[in-house]
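The sequence shown begins at -17 in this note's numbering and counts up one residue at a time. Glycine included, each C-beta is placed from N, C-alpha and C at the ideal position. Source: prediction; values computed, not measured. Structure record follows, encoded as structure tokens.
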Amino acid sequence: MEFISPFWDLLFFRCDLPEQARLMRVCSRIYRVGTTDSRMMHRLKIQHRRWQARALPDQTPEKCLVMCQKDGYWLRYVHYQTPEICQAAVTQDPHALKFVHEQFKTLSLCLQAVRQRGSVIDLVPRHLITYEMCRAVLHSMDSYKAFSYVPEVFRTPDLCLAAVKRSGECLSYIIPSKQSLRICKAAIKKSPAALRHVHPENLTEELCLYAVQLDYCALAYVPREKQTRQVCLAAIHQCGSALNYVYPERQTLEMCRSAIQKDPQNMLSVRIFDRIDPFNASSL
């Protein structure tokens, strides 16, 4: 059972209704093989839809339109699609775009779906993707990962800048050659932790200093060779606990003194005991 667990959903969707019912019973008795509540409810919903579709063999356009207006996923079971039915399904659920037949996947329909849910651009045929559609992804971005579906050819400096202003984590999907100082700063301003996504070739002391001034925790993402006196002290002046992120060989008496003055407990982060008396913090 552990062997088939990664393919459980694929197996479930390929089976007919009686087999699905048997799989559901087996699944409920197997520990940790696709038995999470959310996945179980998802399978029950799929099975319920298939039973309903089986009970409606006479699919008229009117019935299909009503069903797709209630649940866009119903488009999967519609035998004869029309532009109106596809429009209703995508309006109700943008992810229904994956069930739309190719001849009905128009530019306007795809743009509408992307405006509702940015990640749906992954379902749009490559030849229909436009720059306007990529801009729409940023305004309806349900997750920063939606930016990863934007084709590289459309990732202009302006689009990349707009993306990192929405979510600093988008910087992880921008290739090093397009990581300009302006884009990196905008990403770090939105999320100081985005410093970890800056390519080593583009990482400067200026960016490191900018990040730790916004959030001392960003010092954890500053590489050893970039932990200069100025960068480390800027983080420690914010919070003495930042000393814990300073590499031992980069620690100085000045840093340790500043951290301990803020909180004596930061003595535990001092790594230069060979140069100071660890039992006398006042001697620093």
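- Of the other Cβ atoms in all chains shown, fewer than 16 fall within 10 Å of the Cβ of TYR62; this residue is therefore exposed.
- Taking the Cβ atoms as the reference, GLN220 lies roughly 4 Å from TYR198, within the contact range of under 8 Å.
- Closest in alpha carbon position to VAL135, among ILE254, ILE67, MET115 and LYS127, is MET115.
- LYS171: member of the alpha helix (DSSP H) spanning 163 to 172, first to last residue.
- In the three-state scheme derived from DSSP, where H, G and I count as helix and E and B as strand, THR138 is classed as coil.
- When DSSP states are grouped into helix, strand and coil, VAL48 belongs to the helix group.
- Annotation for VAL96: the continuous alpha helix (DSSP H) segment containing it runs 89 to 98.
- Given a length threshold of 4 residues, each whole run of the alpha helix (DSSP H) inside the stretch 199 to 247 is given here in chain order: 211 to 220 and 235 to 244.
- Per DSSP, LEU120 is one residue of the alpha helix (DSSP H) stretching across 113 to 121.
- Just measuring C-alpha positions, the residue of SER223, ARG253, SER154 and TYR229 sitting nearest GLN243 is SER223.
- Comparing C-alpha distances from THR138 to each of SER130, SER122 and TYR113 shows the shortest one belongs to TYR113.
- The Cβ neighbour count for GLN212, taken over all protein chains shown within 10 Å, is under 16; the residue is labelled exposed.
- With a beta-carbon spacing of about 6 Å, LYS147 and LYS172 fall inside the 8 Å limit used to define contacts.
- The beta carbon of LEU163 lies closer than 6 Å to none in the same chain, with the five residues before and after it left out.
- A distance below 8 Å separates the beta carbons of VAL194 and ALA216.
- By the criterion of a C-beta distance shorter than 7 Å, ASP124 is surrounded in its chain by ARG99, GLY100 and SER101, once the five residues flanking it on both sides are discounted.
- By the criterion of a C-beta distance shorter than 6 Å, LYS127 is surrounded by no residue of its chain, once the five residues flanking it on both sides are discounted.
- In this structure, the CA atom of ALA70 is about 20 Å from the CA atom of ASP40.
- In the structure shown, PRO107 falls within a coil segment according to DSSP collapsed to helix, strand and coil.
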